[in-house]
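Asker: Next up is a structure, given as structure tokens.
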Amino acid sequence: MRGFAFAVGVALAASSTGATMQEPPSRIERIAGPPGLPFSALVKADGLLHVAGTMATDTVERPVEGDIKVQTRRTLESIGALLRRHGSGLDRVLSVHVYLTRAEDFAAMNEVYTTFFPKDPPARTTVVAALVLPGALVEMSAVAVPNGSPREVVHPAAWAKSPNPYSYGVRAGDTLMLAGLVARDVKANAPVEGDMAAQTKLVLENAGEVLRAAGMSYADVVSSRVYITDGAAFQEMNAAYRPFFPGDKPVRATVVTGLMLPAYKVEITLVAVKGAKQAFVAPGPDGSPGQPSPNFSHALRAGSRLFVAGMLGDTPATRGDAKAQAGEALARIARTMRAAGYQPADAVDAMVYVTDARHFAAMNEAWREVFGTQFPARATVVTGLVAPDGLVEIMITAARP
Numbered sequence: 002m003r004g005f006a007f008a009v010g011v012a013l014a015a016s017s018t019g020a021t022m023q024e025p026p027s028r029i030e031r032i033a034g035p036p037g038l039p040f041s042a043l044v045k046a047d048g049l050l051h052v053a054g055t056m057a058t059d060t061v062e063r064p065v066e067g068d069i070k071v072q073t074r075r076t077l078e079s080i081g082a083l084l085r086r087h088g089s090g091l092d093r094v095l096s097v098h099v100y101l102t103r104a105e106d107f108a109a110m111n112e113v114y115t116t117f118f119p120k121d122p123p124a125r126t127t128v129v130a131a132l133v134l135p136g137a138l139v140e141m142s143a144v145a146v147p148n149g150s151p152r153e154v155v156h157p158a159a160w161a162k163s164p165n166p167y168s169y170g171v172r173a174g175d176t177l178m179l180a181g182l183v184a185r186d187v188k189a190n191a192p193v194e195g196d197m198a199a200q201t202k203l204v205l206e207n208a209g210e211v212l213r214a215a216g217m218s219y220a221d222v223v224s225s226r227v228y229i230t231d232g233a234a235f236q237e238m239n240a241a242y243r244p245f246f247p248g249d250k251p252v253r254a255t256v257v258t259g260l261m262l263p264a265y266k267v268e269i270t271l272v273a274v275k276g277a278k279q280a281f282v283a284p285g286p287d288g289s290p291g292q293p294s295p296n297f298s299h300a301l302r303a304g305s306r307l308f309v310a311g312m313l314g315d316t317p318a319t320r321g322d323a324k325a326q327a328g329e330a331l332a333r334i335a336r337t338m339r340a341a342g343y344q345p346a347d348a349v350d351a352m353v354y355v356t357d358a359r360h361f362a363a364m365n366e367a368w369r370e371v372f373g374t375q376f377p378a379r380a381t382v383v384t385g386l387v388a389p390d391g392l393v394e395i396m397i398t399a400a401r402p
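Encoded structure:
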């Protein structure tokens, strides 16, 4: 079918190896991608629809010829068609992640993007990342709710309207998706200069206002994606970040990317869930108690969902080997999930960061060995990692009754 969504989680030429997983419970509905490719185009679970990373492709999964406007339009048409076939639509989207290969395409992308979301747009994060499909200029993943489900835009009363086509927060029931926030004066819509620590502090202060407007607090935050422009400033970000989460901290992945303006040093995307939480620490390979992180929880359960932090597999034994690192990261994730009462078959959404597109096929070999044919929706992009020897980082969301 022309215009079929290309999910970034696809393997270009990987074959299935190793044992496959048992069929998942019927509560998780997986909509397959193109035959033979290791991703679900869409996964429905726990009242949410997770759409895999999608690019503008033709019938043989090659990027369509065209500039950023053409590719943005094709990408959103594909996402919209997929959602409509499964009881939702673009007007039901809560959150979108946009990965651009060039920051200079931001304005043109927005020009087209606006036409698809003329009213109450979803929360959105946009960063610069290389893509695994040569010639692709943009990739998007999304989370939506079914038709008829509640969806409410959250906007602090004193804030100016966003200068770009996104909402600062969108709430559905007990879940709030926040936009990627940067160091901005939210009343004047102007960038605020400052070092990494100052910008991190301002971003999280602004996030607190969105949370309060939704009737939530920092204690409700379950997941965080942090994008920094300079890996050398990682510890500065951590020092400013920690005080905002004195209790069970949200799970987190931190990667090195470009942002939309040179003035910005950090962008942070949060997900919050109202209600009780339970944190879990990743056990060691022998089942021994693991070492908690001072900066994030390894896993956090909220209701029926489990949020698992970005995991790496960089050990002396895996150094320089992308498949081995992906396998070790997935093994750590599996141990953590089981400690929380989940299985890898419960995974519904995944985010994978690789440091080089050449690692993509090797990572997918390890992926198939763990997931068999029961794949979560997934996006994979090329970014820097904060671990000097890290080649792959993987973040998972799971769901079960």
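Per our numbering, the sequence shown runs over residues 2 to 402.
Where is the CB? At the ideal position from N, CA and C, for every residue including glycine.
So what does DSSP say about V65, is it helix, strand or coil?
Answerer: coil
Asker: Please list, in chain order, all residues of the same chain as A380 whose beta carbon is under 8 Å from its beta carbon, the five residues on each side excluded.
Answerer: A8, V9, G10, A53, G54, H98, Y100, E140, S142, A351, M352 and V353
Asker: With F107 and T76 assumed to form a contact (beta carbons below 8 Å), what rounded beta-carbon distance in angstroms separates them?
Answerer: At roughly 15 Å, the Cβ-Cβ gap does not stay under 8 Å, so F107 and T76 are not in contact.
Asker: Going by the beta-carbon positions, is the gap between R306 and V282 smaller than 9 Å?
Answerer: no
Asker: Under the DSSP definition of a beta bridge, which residues are partnered with G170?
Answerer: V155 and L179
Asker: DSSP state of P263, grouped into three classes?
Answerer: coil
Asker: For P293, which residues of its own chain have a beta-carbon under 6 Å away from its beta-carbon, when the five flanking residues on both sides are left out?
Answerer: By the criterion of a C-beta distance shorter than 6 Å, P293 is surrounded in its chain by V282, once the five residues flanking it on both sides are discounted.
Asker: Under 8 Å by Cβ, that's how I've got R253 and A310 pegged, so tell me the actual separation to the nearest angstrom.
Answerer: 6 Å
Asker: Find out if the Cβ-Cβ distance for the pair V267, T230 is shorter than 9 Å.
Answerer: yes
Asker: Over the uninterrupted beta strand (DSSP E) stretch that includes A310, give me the two end residues.
Answerer: R306 to L313
Asker: Please state whether DSSP places Y242 in a helix, a strand or coil.
Answerer: helix
Asker: Could you name the residues of the same chain whose beta carbon sits closer than 7 Å to that of N111, not counting the 5 residues immediately before and after it, in chain order?
Answerer: N165 and P166
Asker: Decide if T116 is buried, meaning its Cβ has at least 16 other Cβ atoms within 10 Å, or exposed.
Answerer: exposed
Asker: Exposed or buried, R226, counting other C-beta atoms within 10 Å across all chains shown (16 or more means buried)?
Answerer: buried
Asker: Does the count of Cβ pairs from the region 65 to 72 and the region 120 to 135 closer than 8 Å reach three?
Answerer: The region 120 to 135 and the region 65 to 72 do not touch, with fewer than three beta-carbon pairs separated by less than 8 Å.
Asker: Among A277, A199, A388 and D357, which has the Cα closest to the Cα of A130?
Answerer: D357
Asker: Using the C-alpha atoms, what's the distance from W160 back to T398?
Answerer: 31 Å
Asker: Does DSSP put G54 in a helix, a strand or coil?
Answerer: If DSSP states are grouped into helix, strand and coil, G54 belongs with the strands.
Asker: With DSSP as the reference, identify every bridge partner of I397, one or two as the case may be.
Answerer: V309 and A351
Asker: Does the region 314 to 329 touch the region 360 to 377, meaning 3 or more C-beta pairs lie closer than 8 Å?
Answerer: yes
Asker: Starting from the C-beta of Y219, find all residues in its chain whose C-beta is less than 7 Å away, skip the five residues before and the five after it, and write them out in chain order.
Answerer: For Y219, where only same-chain residues beyond five positions count, the Cβ hits under 7 Å are G209, L212, F245 and F246.
Asker: Entirely within the region 69 to 112 and at least 3 residues each: give me those beta strand (DSSP E) ranges in chain order.
Answerer: 94 to 101
Asker: Are the CB atoms of S89 and V416 within a distance shorter than 9 Å?
Answerer: Examination of residue 416 is not possible in this model, given that the chain is present from 2 through 402 alone.
Asker: Considering only DSSP beta bridges, list what M279 is partnered with.
Answerer: As written in the sequence, residue 279 is Gln, which differs from the Met given in the question. Per DSSP, R302.
Asker: Is it the case that the Cβ atoms of T270 and L182 are separated by a distance below 9 Å?
Answerer: Against a cut-off of 9 Å, the Cβ pair of L182 and T270 comes out as a contact.
Asker: DSSP puts R28 in a beta bridge; with which residues?
Answerer: Paired residues: none, contrary to the question.
Asker: Helix or strand or just coil, what does DSSP make of M141?
Answerer: Of the three classes helix, strand and coil, the one that applies to M141 here is strand, per DSSP.
Asker: Give the range of the alpha helix (DSSP H) segment to which L134 is assigned.
Answerer: Segment: none, L134 is in no alpha helix (DSSP H) and carries neither H nor E.
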